[in-house]
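Order-wise, the sequence lines are chains A and B. With my numbering applied, the first sequence corresponds to residues 8 to 280, in that order. With my numbering applied, the second sequence corresponds to residues 3 to 311, in that order.
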Amino acid sequence: MNVQLLQEKANAIRIGIIESTHAAKSGHPGGSLSCTELISYLYFYRMNIDPANPQWEDRDRFVLSKGHCAPALYSALAHRGFFEPSRLTELRKLGSFLQGHPDMKATPGVDMSTGSLGQGISAACGMALTAKATNKNWRVYTLLGDGECEEGQVWEAAMFAAHYKLDNLIAFVDFNGYQIDGAVTDVMNPTPIDEKFASFGWHTVVIDGHDYNAIDAAVEEALTIKDKPCAVIMKTVKGKGVSFMENNYKWHGVATNDEQKEQALNELKGVQA
Amino acid sequence: MEKQATRVAYGKTLAALGEEKMFFVLDADLSGSTNTKTFGDKFPERFFNCGIAEGNMMSVAAGMAAAGVPVFASSFAMFATGRAFEQIRNSVGYPKLNVKIAASHAGITVGEDGASHQCIEDISLMRGIPGMTVFCPADSAETEWAVKKALEIDGPVYIRLGRYAVEQVFTDCSSNEIGKGNVVADGTDIAIFATGITVASAVKARAALADKGVSAAVVDIHTIKPFDKELANYYASRCGIILTAEEHSVIGGLGSAVCEAVCETTPCKVVRLGINDEFGTSASAGVLVSHFGLDAEGITAKALAALGK
Numbered sequence: 008m009n010v011q012l013l014q015e016k017a018n019a020i021r022i023g024i025i026e027s028t029h030a031a032k033s034g035h036p037g038g039s040l041s042c043t044e045l046i047s048y049l050y051f052y053r054m055n056i057d058p059a060n061p062q063w064e065d066r067d068r069f070v071l072s073k074g075h076c077a078p079a080l081y082s083a084l085a086h087r088g089f090f091e092p093s094r095l096t097e098l099r100k101l102g103s104f105l106q107g108h109p110d111m112k113a114t115p116g117v118d119m120s121t122g123s124l125g126q127g128i129s130a131a132c133g134m135a136l137t138a139k140a141t142n143k144n145w146r147v148y149t150l151l152g153d154g155e156c157e158e159g160q161v162w163e164a165a166m167f168a169a170h171y172k173l174d175n176l177i178a179f180v181d182f183n184g185y186q187i188d189g190a191v192t193d194v195m196n197p198t199p200i201d202e203k204f205a206s207f208g209w210h211t212v213v214i215d216g217h218d219y220n221a222i223d224a225a226v227e228e229a230l231t232i233k234d235k236p237c238a239v240i241m242k243t244v245k246g247k248g249v250s251f252m253e254n255n256y257k258w259h260g261v262a263t264n265d266e267q268k269e270q271a272l273n274e275l276k277g278v279q280a
Numbered sequence: 003m004e005k006q007a008t009r010v011a012y013g014k015t016l017a018a019l020g021e022e023k024m025f026f027v028l029d030a031d032l033s034g035s036t037n038t039k040t041f042g043d044k045f046p047e048r049f050f051n052c053g054i055a056e057g058n059m060m061s062v063a064a065g066m067a068a069a070g071v072p073v074f075a076s077s078f079a080m081f082a083t084g085r086a087f088e089q090i091r092n093s094v095g096y097p098k099l100n101v102k103i104a105a106s107h108a109g110i111t112v113g114e115d116g117a118s119h120q121c122i123e124d125i126s127l128m129r130g131i132p133g134m135t136v137f138c139p140a141d142s143a144e145t146e147w148a149v150k151k152a153l154e155i156d157g158p159v160y161i162r163l164g165r166y167a168v169e170q171v172f173t174d175c176s177s178n179e180i181g182k183g184n185v186v187a188d189g190t191d192i193a194i195f196a197t198g199i200t201v202a203s204a205v206k207a208r209a210a211l212a213d214k215g216v217s218a219a220v221v222d223i224h225t226i227k228p229f230d231k232e233l234a235n236y237y238a239s240r241c242g243i244i245l246t247a248e249e250h251s252v253i254g255g256l257g258s259a260v261c262e263a264v265c266e267t268t269p270c271k272v273v274r275l276g277i278n279d280e281f282g283t284s285a286s287a288g289v290l291v292s293h294f295g296l297d298a299e300g301i302t303a304k305a306l307a308a309l310g311k
């Protein structure tokens, strides 16, 4: 694993997040920026995929259960070669192949349509069970938000994955601490998320979600666990990489104006203000 | 032929189809009632019980279909289309995935369990989803046809099934066409558009109406979506009056589909027989069919009233 390369990719993905949401004048930069290390790790290191053949049957699957963070996924897919990065600014425009939330029918490389919280992890369970029931070795990764864990369906899925011993499934939780109305512990406290998954029968670890070595160690460990799904709770910073967005829930669902965009891009490109 | 519930025909058809086609079957702890158990006993490696968690089941089904395997997902209509509506809409409908939602215990013929389990809104909910095909078979032969067709369709399908043993109207439905109404009998005074259990009632009502000098057409609408607008408009012209009969709310079901079709092209009088914006109630299925006027007597009386006779 080349951490420096992944860091460069993460930075490029972040720039894409800012540029695409700025062009759309809407979208969700905060939670997109917090999961960028994971997304770059999956798409540039871990997952067995082929940008030239997005529908390849034996590919690994990724389900963005926190579908509102589509800008991170789109930016990763673009930089991975599924489509031209210049097209990221088509986000959320009429007729665009980059819908506001992931649309598997519209965007090459998107494995599942998501956006309504709680449903993606269930779909990921269905994929993982399909792989097992058809004797395939491909794996399924899904990413949830911490606020998303307030949805009851997440725990229906957690029960299901443990019951069917889906050890080919890893669920990451982007624990950035904020949802649209404020801190998750103020709005409707979903913690302790790790203990909840553990009590449902999952192998569970808590890591720094911005540390590639920690992410990789968690995944390598998960690969050795038999008969249990694995939950990786990633402590992250909402808005990571853009100073004025970090740990500010107000950047959950709004885009930058022209001035803010310039500042964000200058920070990401390492230019002093 | 002996009476049989469409849910029983569903289980048998699934078990037979499993021999030749690859698909999964899901249920939410009602496999004995929906009859998916008939399949599950024969193909345990392709049957997965999801427990009492219908929302998760629908999204799991979507994930399976996204991974390339068609899925039948079953529960009672109330929980399949009611509780899990949004999962069907967003996980299955929006990505046009190959999931067949086959829901039993639709309508008031659930019987004694009462209103909480009597879904009279499912047709309305399912036909509102873009791209959803909606089947409502009348008997065993038509159920077998609908289940087989559902698997041939590359996309989401809803199949409405009943708990109640119904009379067999048809022996072979292989000439049925998706989206085309089946003219059981022609007539000139009034056209009765029926679906599900009311098809058998309508056939009997036609004979009773003939005795009173009324010529009634009977049309079996096995596919509520896509709806056969052409046939509705044909009978709007031919008879000038259409009576719809369904074990469903008069809001949003077959009656609404007929109104939508004719009002754009051939406006005519449409009388909707169904559940009149009220909940069901506990009683035996047979008593309820009569109570809500969905039997031959009820249809006959409604037709005569519509004709001013």
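Backbone N, C-alpha and C define an ideal beta-carbon position, used for all residues, glycine too.
So, are the CB atoms of residue i and residue j less than 8 Å apart?
i: B/A209; j: B/A196; result: no
i: B/Y364; j: B/A7; result: Missing from the structure shown is residue 364 of chain B; chain B here goes from 3 to 311 and no further.
i: B/V149; j: B/L32; result: no
i: B/T200; j: B/E249; result: yes
i: B/T38; j: B/D29; result: yes
i: B/E146; j: B/A17; result: no
i: A/K245; j: A/G184; result: yes
i: A/I222; j: A/Y48; result: yes
i: B/L290; j: B/I243; result: no
i: B/K179; j: B/A202; result: For the record, residue 179 of chain B in the displayed sequence is Glu; it is not Lys. No, the Cβ-Cβ distance between B/E179 and B/A202 is not below 8 Å.
i: B/L245; j: B/V273; result: yes
i: A/S123; j: A/P109; result: no
i: B/V252; j: B/G276; result: yes
Listing by chain order, which chain A residues have their CB less than 8 Å from the CB of residue i?
i: B/K98; result: K112
i: B/R85; result: By Cβ distance, chain A contributes nothing, its closest Cβ being about 11 Å from B/R85, past 8 Å.
i: B/C241; result: The contacting residues do not exist; B/C241 stays about 42 Å from chain A at best.
i: B/M66; result: G133, M134, L136 and T137
What does residue i reach in chain B if we use C-beta pairs closer than 9 Å?
i: A/L176; result: In chain order: nothing, as chain B lies at least about 10 Å away.
i: A/F104; result: Residues of chain B passing the Cβ test: none, with the nearest at roughly 14 Å.
i: A/L122; result: Leu is not the amino acid found at residue 122 of chain A; the sequence shown has Gly there. Going along chain B in sequence order, the residues near A/G122 (Cβ under 9 Å) are N92 and Y96.
Give the secondary structure of residue i by DSSP, where H, G and I count as helix, E and B as strand, and everything else as coil.
i: A/A280; result: Residue confidence for A/A280 is low, a pLDDT of 49 falling below 50, so the modelled location carries little weight and cannot support an answer.
i: B/A187; result: strand
i: A/I25; result: helix
i: B/N51; result: strand
i: B/D222; result: strand
i: B/R208; result: helix
i: A/D110; result: coil
i: B/I277; result: strand
i: A/T149; result: strand
i: B/I253; result: coil
i: B/S177; result: coil
i: A/D265; result: helix
i: A/G189; result: strand
i: A/N9; result: coil
i: B/T312; result: An answer regarding residue 312 of chain B cannot be provided, because it is not within the stretch 3 to 311 covered by chain B.
i: B/I243; result: strand
i: B/Q89; result: helix
i: A/H210; result: strand
i: A/L310; result: The shown model of chain A, from 8 to 280, leaves out residue 310 of chain A, and the question about it has no answer.
i: B/K227; result: strand
Which chain A residues sit within Cβ distance under 7 Å of residue i?
i: B/I89; result: For clarity, residue 89 of chain B is Gln in the given sequence; the question names Ile instead. Correct list: Q126.
i: B/G57; result: Q160 and E163
i: B/E47; result: A140
List the DSSP bridge partners of residue i.
i: B/T197; result: Note: B/T197 sits in no beta bridge, so no partner.
i: A/F182; result: A/K242
i: A/E176; result: According to the sequence shown, residue 176 of chain A is Leu rather than Glu. The partner list for A/L176 (beta bridge, DSSP) reads A/V147.
Which residues in chain B sit within 8 Å of residue i, going by Cβ to Cβ distance?
i: A/F167; result: C52, G53, A55, N58 and V62
i: A/A130; result: S61, V62, A64, G65, A68 and S93
i: A/D118; result: A68
So which residues on chain A does residue i lean against when the C-beta distance must stay under 9 Å?
i: B/G70; result: E64, T137 and T141
Below 8 Å, how does it come out for the region 88-105 of chain A and the region 130-137 of chain A: are there three or more Cβ pairs, yes or no?
no
Taking 8 Å as the threshold, find out whether the region 95-105 of chain B comes into contact with the region 228-245 of chain B through three or more Cβ pairs.
no
Are there three or more Cβ pairs, one per stretch, closer than 8 Å when the region 17-24 of chain A is compared with the region 64-83 of chain A?
yes
Looking at C-beta atoms only, is the number of pairs between the region 42-62 of chain B and the region 84-91 of chain B that lie closer than 8 Å three or more?
yes
Three or more C-beta pairs closer than 8 Å, one from the region 232-243 of chain B and one from the region 179-193 of chain B: is that the case here?
yes
Does the region 225-237 of chain A come close enough to the region 200-214 of chain A that 3 or more CB-CB pairs lie under 8 Å?
yes
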